[in-house]
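Since the structure comes first, as C-alpha coordinates, the remarks are kept for the end.
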Amino acid sequence: YQRFLRGHNLICSMSAVGSCADNAAAESFFGMLKRERVNRRQYRTRAEARADIFDYIERFYNPVKRRRLEMLNNKDLLLTQPSVKTG
133 YQRFLRGHNL
143 ICSMSAVGSC
153 ADNAAAESFF
163 GMLKRERVNR
173 RQYRTRAEAR
183 ADIFDYIERF
193 YNPVKRRRLE
203 MLNNKDLLLT
213 QPSVKTG
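Next comes the structure, spelled out in C-alpha coordinates:
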(Lines of atoms letter the chains of each structure in order from A and count residues from 1; the text may use other names and numbers.)
(Lines give C-alpha, C1' and ligand atoms only; values in the text may rest on other atoms or scores of the structure.)
Protein backbone atom coordinates (compact mmCIF):
# COMPACT_ATOMS: atom_id res chain seq x y z
CA TYR A 1 0.00 0.00 0.00
CA GLN A 2 2.70 2.45 0.99
CA ARG A 3 4.72 1.53 -2.10
CA PHE A 4 1.68 2.19 -4.30
CA LEU A 5 1.17 5.60 -2.71
CA ARG A 6 4.80 6.59 -3.16
CA GLY A 7 4.76 5.34 -6.75
CA HIS A 8 1.86 7.67 -7.52
CA ASN A 9 3.22 10.67 -5.57
CA LEU A 10 0.48 10.39 -2.95
CA ILE A 11 0.77 11.10 0.75
CA CYS A 12 -1.01 8.79 3.16
CA SER A 13 -3.39 10.68 5.42
CA MET A 14 -2.87 8.92 8.72
CA SER A 15 -2.14 10.66 11.96
CA ALA A 16 -0.42 9.40 15.06
CA VAL A 17 -2.09 6.77 17.22
CA GLY A 18 -4.84 8.35 19.29
CA SER A 19 -5.20 11.42 17.08
CA CYS A 20 -8.60 11.51 15.44
CA ALA A 21 -8.13 14.71 13.43
CA ASP A 22 -7.81 12.86 10.12
CA ASN A 23 -10.88 10.75 10.79
CA ALA A 24 -13.20 13.45 12.14
CA ALA A 25 -15.36 13.85 9.03
CA ALA A 26 -15.67 10.11 8.45
CA GLU A 27 -16.43 9.42 12.12
CA SER A 28 -19.07 12.15 12.09
CA PHE A 29 -20.72 10.77 8.95
CA PHE A 30 -20.76 7.14 10.08
CA GLY A 31 -22.00 8.13 13.54
CA MET A 32 -24.90 10.04 11.97
CA LEU A 33 -25.62 7.18 9.56
CA LYS A 34 -25.83 4.69 12.42
CA ARG A 35 -27.92 6.97 14.65
CA GLU A 36 -30.38 8.12 12.00
CA ARG A 37 -30.73 5.02 9.86
CA VAL A 38 -28.99 1.74 10.64
CA ASN A 39 -29.76 1.45 14.36
CA ARG A 40 -33.46 2.13 13.72
CA ARG A 41 -33.95 -0.77 11.30
CA GLN A 42 -33.43 -4.48 10.94
CA TYR A 43 -32.27 -5.61 7.53
CA ARG A 44 -33.14 -9.06 6.22
CA THR A 45 -30.32 -9.13 3.68
CA ARG A 46 -27.08 -7.35 2.92
CA ALA A 47 -28.60 -6.11 -0.35
CA GLU A 48 -31.50 -4.54 1.55
CA ALA A 49 -29.07 -2.79 3.91
CA ARG A 50 -26.93 -1.59 1.02
CA ALA A 51 -29.95 -0.16 -0.84
CA ASP A 52 -31.24 1.59 2.29
CA ILE A 53 -27.86 3.12 3.10
CA PHE A 54 -27.47 4.27 -0.51
CA ASP A 55 -30.91 5.87 -0.29
CA TYR A 56 -29.94 7.65 2.93
CA ILE A 57 -26.75 9.06 1.42
CA GLU A 58 -28.25 10.13 -1.90
CA ARG A 59 -31.64 11.42 -0.79
CA PHE A 60 -30.98 12.79 2.69
CA TYR A 61 -27.34 13.28 3.62
CA ASN A 62 -26.02 14.84 0.40
CA PRO A 63 -28.86 17.39 -0.01
CA VAL A 64 -28.48 18.45 3.64
CA LYS A 65 -24.73 18.97 3.15
CA ARG A 66 -25.37 20.98 -0.03
CA ARG A 67 -27.89 23.25 1.74
CA ARG A 68 -25.41 23.88 4.54
CA LEU A 69 -22.66 24.74 2.06
CA GLU A 70 -24.96 27.07 0.11
CA MET A 71 -25.44 29.14 3.28
CA LEU A 72 -21.70 29.85 3.50
CA ASN A 73 -20.08 32.74 1.68
CA ASN A 74 -17.12 32.01 -0.60
CA LYS A 75 -14.45 32.77 2.03
CA ASP A 76 -16.09 30.52 4.62
CA LEU A 77 -16.61 27.81 2.02
CA LEU A 78 -12.89 27.78 1.21
CA LEU A 79 -12.09 27.44 4.92
CA THR A 80 -14.28 24.32 5.16
CA GLN A 81 -12.43 22.51 2.38
CA PRO A 82 -9.53 20.23 3.31
CA SER A 83 -6.13 21.34 2.15
CA VAL A 84 -4.60 19.24 -0.59
CA LYS A 85 -0.94 18.26 -0.62
CA THR A 86 0.65 17.53 -3.95
CA GLY A 87 3.88 15.65 -4.41
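First residue of the sequence shown: 133, per our numbering; consecutive thereafter. A virtual CB, placed ideally from N, CA and C, is assigned to each residue, including glycine. Here the structure is a predicted model, which means the values were calculated and not measured.
**Prompt:** Which two residues bound the contiguous alpha helix (DSSP H) that contains I185?
**Reply:** R178 to D187
Mind checking G139: buried by the 16 CB within 10 Å criterion, or exposed? exposed
Please name the residue in R178, A156, R176 and Y188 whose C-alpha comes closest to that of K166.
Y188
_Alpha-carbon to alpha-carbon, D184 and A157_ = 21 Å
R172 lies in the alpha helix (DSSP H); which residues open and close that run?
No alpha helix (DSSP H) contains R172, which DSSP labels as neither H nor E.
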